[in-house]
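One point on numbering: in the working numbering, the residue at position 92 of the sequence shown is 92, and numbering is uninterrupted. All C-beta atoms, glycine included, are put in the ideal place defined by N, C-alpha and C. This report refers to the structure that appears directly beneath it.
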Amino acid sequence: MNRSDPPAPIKRLGQNFLIDPNIVRKIVALAGIAPDDNVLEIGPGRGILTEALCRVAGHVTAVEVDPRLHAYLSKREAEFPNLTLVLDDAMHYPMERLPVGTLVVANLPYYLSTPLLFRLLDRRERFPRMVLMLQDEVAERLVAKPGSSDYGVLSVMAQYAAEITRAFKVSAQCFRPRPEVGSAVVLLTTRERRELSLEEEPKFTALVKAAFAHRRKTLVNSLKDEGHDQKSVIEVLQSLSLSPTTRAEILSVEQFIELTRAVVSR
Numbered sequence: 001m002n003r004s005d006p007p008a009p010i011k012r013l014g015q016n017f018l019i020d021p022n023i024v025r026k027i028v029a030l031a032g033i034a035p036d037d038n039v040l041e042i043g044p045g046r047g048i049l050t051e052a053l054c055r056v057a058g059h060v061t062a063v064e065v066d067p068r069l070h071a072y073l074s075k076r077e078a079e080f081p082n083l084t085l086v087l088d089d090a091m092h093y094p095m096e097r098l099p100v101g102t103l104v105v106a107n108l109p110y111y112l113s114t115p116l117l118f119r120l121l122d123r124r125e126r127f128p129r130m131v132l133m134l135q136d137e138v139a140e141r142l143v144a145k146p147g148s149s150d151y152g153v154l155s156v157m158a159q160y161a162a163e164i165t166r167a168f169k170v171s172a173q174c175f176r177p178r179p180e181v182g183s184a185v186v187l188l189t190t191r192e193r194r195e196l197s198l199e200e201e202p203k204f205t206a207l208v209k210a211a212f213a214h215r216r217k218t219l220v221n222s223l224k225d226e227g228h229d230q231k232s233v234i235e236v237l238q239s240l241s242l243s244p245t246t247r248a249e250i251l252s253v254e255q256f257i258e259l260t261r262a263v264v265s266r
């Protein structure tokens with residue numbers, strides 16, 4: 001993409017532009033893109049990753065919220081007939097426009113990475129694979145195991161929806177301007193089979209959020225504070241061979257699924 005007179009970064013939009021071509025190559029290789037694949041890129045920025053994606057993919061849709069960057073990238077759009085540039089907020093862009101089987105490859109804006117991730121996972125039947133650059137702290141939470149301090153709502157919800165690999169770290173020196181936090185690239189392979197029904201999933205989400213709403217409390221007390229009947233929760237935990245003093249952070253994703261089914265069935 002054109003590198004003459006690029007727009008200056010806007011801090012409130014979390015614009016830290018990737019400048020290292022080696023990292024770009026590693027991201028593209030990790031994505032395993034085939035010549036007929038459709039790719040969604042969120043926040044193309046100055047286009048270093050966009051250009052690499054266009055060279056290997058069948059079609060690339062790049063969604064950019066900044067009108068300046070959209071105009072900047074548009075100057076070279078004619079050189080890449082397989083590129084569609086979209087001026088839109090990725091939190092509102094209609095994902096149903098994208099073909100089922102679209103791969104997501106993106107350096108997500110860190111201030112919006114978690115809600116964007118949830119939005120993508122909610123539509124995971126459309127996106128079989130995602131390669132995302134995230135704040136290192138968020139990447140740690142995504143792969144955290146039960147019992148660790150990083151394990152929480154994001155860990156459970158993401159691991160329910162996808163198999164997740166923390167692929168590699170990315171130095172702050174690979175960006176301009178340099179971010180104040182560490183970065184990492186993760187690979188998410190979404191699960192084709194849903195363990196819970198479409199009716200049960202919202203209850204699963206609500207229960208997980210309630211369970212972690214008061215981390216220092218037992219699961220029984222956390223769920224009680226969020227409106228669940230204490231006696232029923234204790235009975236359900238006992239039926240699952242779990243102690244009434246159990247805390248949310250020691251439950252596996254599978255145990256949260258069992259807990260949801262048991263609570264819903266009562």
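Segment limits, alpha helix (DSSP H) that includes His228 = Along the sequence shown, read from residue 1 onward, the residue named residue 228 stands at position 228. Looking at the DSSP string, His228 is not in any alpha helix (DSSP H), and its letter there is neither H nor E.
How many angstroms separate the CA atom of Cys174 from the CA atom of Val24?
-> Within the sequence shown, numbered from 1, the residue matching residue 174 stands at position 174. Within the sequence shown, numbered from 1, the residue matching residue 24 stands at position 24. Roughly 10 Å between the two C-alpha positions.
Cross-strand partners of Leu130 (DSSP beta bridge) | Residue 130 sits at position 130 when you count from the first residue of the sequence shown. The question names Leu, but residue 130 is Met in the sequence shown. When beta bridges are read from the DSSP output, Met130 appears opposite Val104 and Leu188.
So Tyr93 packs on Val63, CB below 8 Å; how close in whole Å?
-> If you number the sequence shown from 1, residue 93 lands on position 93. If you number the sequence shown from 1, residue 63 lands on position 63. In this structure, Tyr93 and Val63 form a Cβ contact; the two beta carbons are roughly 5 Å apart against a cut-off of 8 Å.
Bridge partners - Ala211, DSSP secondary structure assignment = Here residue 211 corresponds to residue number 211 of the sequence shown, with the count starting at 1. Note: Ala211 is not bridge-paired with any residue in the DSSP secondary-structure output.
Among residues of its own chain, excluding the 5 on either side of Tyr151, which ones have a beta-carbon nearer than 8 Å to its beta-carbon?
-> As a working mapping, residue 151 is identified with position 151 in the sequence shown. Scanning its chain for C-beta atoms nearer than 8 Å, with the 5 sequence neighbours on each side dropped, one finds around Tyr151 the residues Arg141, Ala144, Lys145 and Glu249, in chain order.
Report yes if the CB atom of Val39 is closer than 7 Å to the CB atom of Val60, and no otherwise.
-> Locating residue 39 in the sequence shown gives position 39, counting from the first residue. Locating residue 60 in the sequence shown gives position 60, counting from the first residue. With a cutoff of 7 Å on beta-carbon distance, Val39 and Val60 are scored as near each other.
Report the rounded CA-to-CA distance for Arg55 versus Pro179, giving the unit in angstroms.
-> Within the sequence shown, the letter at position 55 stands for residue 55. Within the sequence shown, the letter at position 179 stands for residue 179. Rounded to whole angstroms, Arg55 to Pro179 spans 28 Å at the Cα level.
Three or more C-beta pairs below 8 Å linking the stretch 230–242 and the stretch 180–190 | Counting Cβ pairs under 8 Å, fewer than three are found: no touch.
Looking only at C-alpha atoms, which of Thr102, Ser232 and Ala52 sits nearest to Ser265?
-> For this step, residue 265 is matched to residue 265 along the sequence shown. Among Thr102, Ser232 and Ala52, the Cα nearest to that of Ser265 is on Ser232.
State buried or exposed for Gln15, treating a residue as buried only when at least 16 other CB atoms are found within 10 Å of its CB.
-> Walking along the sequence shown from the start, residue 15 turns up at place 15. Under a 10 Å Cβ-count criterion, Gln15 is classified as buried, with 16 or more other Cβ atoms of the shown protein chains found around its own Cβ.
With C-beta atoms as the reference, is Phe284 less than 7 Å away from Gly45?
-> Past the edges of the chain, shown from 1 to 266, lies residue 284, and the structure says nothing about it.
On the DSSP bridge assignment, give the partners of Asn38 in chain order.
-> What you label residue 38 is simply residue 38 of the sequence shown in a count that begins at 1. For Asn38, which the question treats as bridged, DSSP gives the partners His59.
Relative to the C-alpha of Gln159, which residue among Arg194, Phe168, Asp136 and His70 is closest?
-> Looking up residue 159 in the sequence shown gives position 159. Closest in C-alpha terms to Gln159, from the list Arg194, Phe168, Asp136 and His70, comes Arg194.
Grouping DSSP H, G and I as helix and E and B as strand, with all else coil, what is Leu85?
-> Here residue 85 corresponds to residue number 85 of the sequence shown, with the count starting at 1. Note: Leu85 maps to strand in three-state DSSP.
Inter-residue spacing [alpha-carbon to alpha-carbon] between Phe212 and Val263 = The residue labelled residue 212 in the question sits at position 212 within the sequence shown. The residue labelled residue 263 in the question sits at position 263 within the sequence shown. Taking the straight line joining both Cα atoms gives about 16 Å.
Are the beta-carbon atoms of Leu134 and Ser148 separated by less than 7 Å?
-> For this step, residue 134 is matched to residue 134 along the sequence shown. For this step, residue 148 is matched to residue 148 along the sequence shown. Between Leu134 and Ser148, the C-beta gap is not smaller than 7 Å, which leaves the two residues out of contact.
Quickly, what does DSSP pair Ala162 with across the bridge? List them, please.
-> Stepping through the sequence shown from its first residue, residue 162 is reached at position 162. Looking at the DSSP assignment, Ala162 forms a beta bridge with Thr190.
Looking at the unbroken alpha helix (DSSP H) that takes in His92, where does it start and where does it end?
-> For the purposes of this step, residue 92 is taken as residue 92 along the sequence shown, with counting starting at 1. Run containing His92: none; DSSP gives neither H nor E here.
Indicate the three-state DSSP secondary structure (helix, strand or coil) for Asn2 in the structure shown.
-> Numbered from its first residue, the sequence shown carries residue 2 at position 2. In this predicted model, Asn2 has a pLDDT of only 43, less than 50, meaning its place in the structure is not dependable enough to derive any value.
Select from Asn82, Glu125, Ala31 and Leu120 the residue whose C-alpha is nearest the C-alpha of Cys105.
-> Position 105 of the sequence shown, counted from the start, is the residue given in the question as residue 105. The displayed chain sequence assigns Val, not Cys, to residue 105. It is Ala31.
Where Met91 and Phe118 are concerned, what is the direct C-alpha to C-alpha distance, given to the nearest angstrom?
-> As a first step, residue 91 must be located in the sequence shown, where it is residue number 91. As a first step, residue 118 must be located in the sequence shown, where it is residue number 118. A direct Cα-to-Cα measurement between Met91 and Phe118 gives close to 10 Å.
Selected residue, minimal CA-CA separation from Leu190, among Ser222, Phe204 and Arg123 = Working through the sequence shown from its first residue, we reach residue 190 at position 190. Checking the sequence, you will find Thr at residue 190 rather than Leu. Of the candidates Ser222, Phe204 and Arg123, the one whose C-alpha sits nearest the C-alpha of Thr190 is Arg123.
Considering only the beta carbon of each residue, do Val86 and Ala52 sit closer than 7 Å?
-> The count along the sequence shown starts at 1 and reaches residue 86 at position 86. The count along the sequence shown starts at 1 and reaches residue 52 at position 52. No. Outside cutoff.
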